[in-house]
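Enquirer:
In the numbering used here, the protein residues as written are -2 to 238.
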């Protein structure tokens, strides 16, 4: 179907619409765009367009067209030394994520991996500078964090951001368990010992508890304002216990 046929079909669909019922408008919006779009997303575009269905659909397609030009970033793996272990309160540690450029275009200069503002930041630095990765290249992004003072489970979200401030790519989740018996910091310290100093007949501590993410949800809208795992934009999830 070419552009002219698509426009004609949309005009024909709009010509038969005459309702002010918001629930009905949401259903009609989903029918025009596709059932994969969530209800909150429909309501957002409709509300932004003063519940004018035609304007809402046009705004949605305008945004989709612009998003095609954004850089792409995928979360490959959490390569943090000691990943899976809990951390003592008020303890510094280093978090490292392997990310990749899965797109065809090289990342523009000035892109960063940025804390989105959702969850616990656990560091005074809110962004990591990223190189201009070429297609299929990977990069290990590291940042020093400090665990919160109180024991418990904490989560935070990080995402790639363009020089103009637009978020793109998958969301990286930090899931951290703070426990007085945590061994993550000790494991990282031991890994930095010079060769020949590690022969202390000590094995790596086992991971604390289950590796299941307590914040995971099968719902695409589990965390408002951010793309959920495996949505249209795709998201990665980092689990640290």
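No residue lacks a Cβ here, since even glycine has one placed at the ideal position from N, Cα and C.
Applying the criterion that 16 or more other CB atoms from any shown protein chain within 10 Å of the CB defines a buried residue, is residue 186 buried or exposed?
Expert: That one is exposed.
Enquirer: Compare the C-alpha of residue 50 against each of 26, 179 and 38 and name the closest.
Expert: The shortest Cα separation from residue 50 among 26, 179 and 38 belongs to 26.
Enquirer: Out of 112, 179 and 22, point me to the one whose CA is closest to residue 168's CA.
Expert: Comparing Cα positions, the closest option is 112.
Enquirer: Below 6 Å CB to CB, which residues in the same chain sit around residue 95 once its five sequence neighbours on both sides are set aside?
Expert: Same-chain partners within the cutoff: 73, 74, 76, 135 and 137.
Enquirer: If you reduce the DSSP assignment to three classes, tell me which class residue 83 lands in.
Expert: Three-state result, residue 83: coil.
Enquirer: With a threshold of 8 Å between beta-carbons, can residue 117 be considered close to chain C, or not?
Expert: Here there is only one protein chain, and chain C is not present.
Enquirer: According to DSSP, simplified to helix, strand and coil, what is residue 117?
Expert: In the structure shown, residue 117 sits in coil (DSSP, three-state: anything other than H, G, I, E or B).
Enquirer: Put residue 271 into one of helix, strand or coil per three-state DSSP.
Expert: Because residue 271 is not part of the residues shown, which for the chain are -2 to 238, the question remains open.
Enquirer: Just curious, the alpha helix (DSSP H) that residue 139 is in, first and last residue?
Expert: Here residue 139 belongs to no alpha helix (DSSP H); instead the beta strand (DSSP E) covers 135 to 143.
Enquirer: How many Å lie between residue 100 and residue 68 at the Cα?
Expert: Each residue's alpha carbon lies about 7 Å from the other.
Enquirer: Out of 40, 157 and 181, which has the shortest C-alpha to C-alpha gap to residue 141?
Expert: Taking only the C-alpha atoms, the option nearest residue 141 is 181.
Enquirer: Please report how far the alpha carbon of residue 86 lies from the alpha carbon of residue 147, in whole angstroms.
Expert: Near 6 Å, if we compare the C-alpha coordinates of residue 147 and residue 86.
Enquirer: Taking the alpha carbon of residue 132 as the reference point, which residue from 177, 105 and 82 has its own alpha carbon closest?
Expert: Residue 132 has its Cα closest to that of 105, out of 177, 105 and 82.
Enquirer: Got a sec, what are the start and stop residues for the beta strand (DSSP E) residue 78 sits in?
Expert: From DSSP, residue 78 is part of no beta strand (DSSP E); its letter is neither H nor E.
Enquirer: Return the chain-ordered list of same chain residues with a C-beta closer than 8 Å to the C-beta of residue 52, the five sequence neighbours on each side being excluded.
Expert: Here the set comprises 46.
Enquirer: So which of 176, 128 and 164 has the shortest CA-CA distance to residue 151?
Expert: Answer by Cα proximity: 176.
Enquirer: One question on the structure: do residue 83 and residue 153 come within less than 8 Å of each other, judged by their Cβ atoms?
Expert: Contact: no.
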